[in-house]
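J.: Attaching a single structure in structure tokens format; questions to follow.
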Amino acid sequence: MWTDRLLQGVLDTLLMVGVSSLIALLAGIPLAVILVTSGKGGIYQAPTLNRVLGAFVNLFRSIPFLILMVALIPFTRLIVGTTYGVWAAVVPLTIAATPFFARIAEVSLREVDHGLIEAAQAMGCRRWHIVWHVLLPEALPGIVGGFTITLVTMINSSAMAGAIGAGGLGDIAYRYGYQRFDSQIMLTVIVMLVVLVALIQLGGDRLAKGLNKR
């Protein structure tokens, strides 16, 4: 019985993190590109847009996840129809992860050699072509590394969300470990989370290293 329950907890955690991270990836990279290209010296300079987006990202990055999750309860109910369970956790996880990942991806994009951009401009490349064929490929190893960090952070957040009814390993640790004073269950969940994080970190590091052609 416990094996089935732990397996379900792992699947719930992977579902929460998987869906949220996919949305964060699809939203975070464009957000990072806009932040970089609209800033001073960027190929799409738009200072007002840059300041507004920067403030938006900083706002959500500064709110602790637990507080954000509670504050988003009405919005979560509006989106998924419930504030309990795996899908209810996807909303705050996504909103917390997207600006976090966007800032990490932004750093990687800013580290791209500006000489490559100038060379592409001198060759008459369109601006969208520079983004797609220069900025993103050159920053890809750093983006992958940043996404790995984001995944690890989301697993930690999903465990916190599970403790207040979102399901997953955090829910098992809280309900059956903490509330029932069962240290064996608590230790088992901790080990499973550590293994999960280690596997993700190892896979992300190897992928980033393989993509780095420098």
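The numbers in the UniProt record's numbering rise by one with no breaks, and the one at position 179 of the sequence shown is 179. Just so you know, even glycine gets a beta-carbon here, dropped at the ideal spot from N, CA and C. Computed from a predicted model, the values in this text were never measured in an experiment.
#1: Going by C-alpha distance, which of Gly41, Ser157, Ala173 is nearest His114?
#2: Sort Val107, Val191, His133, Arg61 by Cα distance to Ala32 and report the nearest one.
#3: State buried or exposed for Val90, treating a residue as buried only when at least 16 other CB atoms are found within 10 Å of its CB.
#4: How about Met160 and Leu66: are their beta carbons less than 8 angstroms apart?
#5: For a test of the three-state rule: what should DSSP assign to Arg126, helix, strand or coil?
#6: Would you report the Cα separation of Phe100 and Val191, rounded to the nearest angstrom?
#7: Please state if the CB of Tyr176 and the CB of Gly162 are separated by a distance shorter than 8 angstroms.
#8: For Thr13, I'd like the list of residues in its chain whose CB is within less than 6 angstroms of its CB, leaving aside the five on either flank, ordered along the chain.
T.: According to the structure data:
#1: Residue mapping note: residue 114 aligns to position 114 of the sequence shown, counting from 1. Comparing Cα positions, the closest option is Gly41.
#2: For the purposes of this step, residue 32 is taken as the residue at position 32 of the sequence shown. Minimum Cα distance to Ala32 is reached at Val107.
#3: Counted from its first residue, the sequence shown places residue 90 at position 90. The residue is buried, with at least 16 neighbouring Cβ atoms inside 10 Å.
#4: Against the sequence shown, residue 160 aligns to sequence position 160. Against the sequence shown, residue 66 aligns to sequence position 66. Yes, they are a contact pair.
#5: What you label residue 126 is simply residue 126 of the sequence shown in a count that begins at 1. Of the three classes helix, strand and coil, the one that applies to Arg126 here is coil, per DSSP.
#6: Here residue 100 refers to the residue found at position 100 when the sequence shown is read from its first residue. Here residue 191 refers to the residue found at position 191 when the sequence shown is read from its first residue. The alpha-carbon atoms of Phe100 and Val191 are separated by roughly 26 angstroms.
#7: For the purposes of this step, residue 162 is taken as residue 162 along the sequence shown, with counting starting at 1. For the purposes of this step, residue 176 is taken as residue 176 along the sequence shown, with counting starting at 1. No.
#8: Within the sequence shown, residue 13 is the residue found at index 13, counting from 1. The residues are Ser158, Gly168, Leu169.
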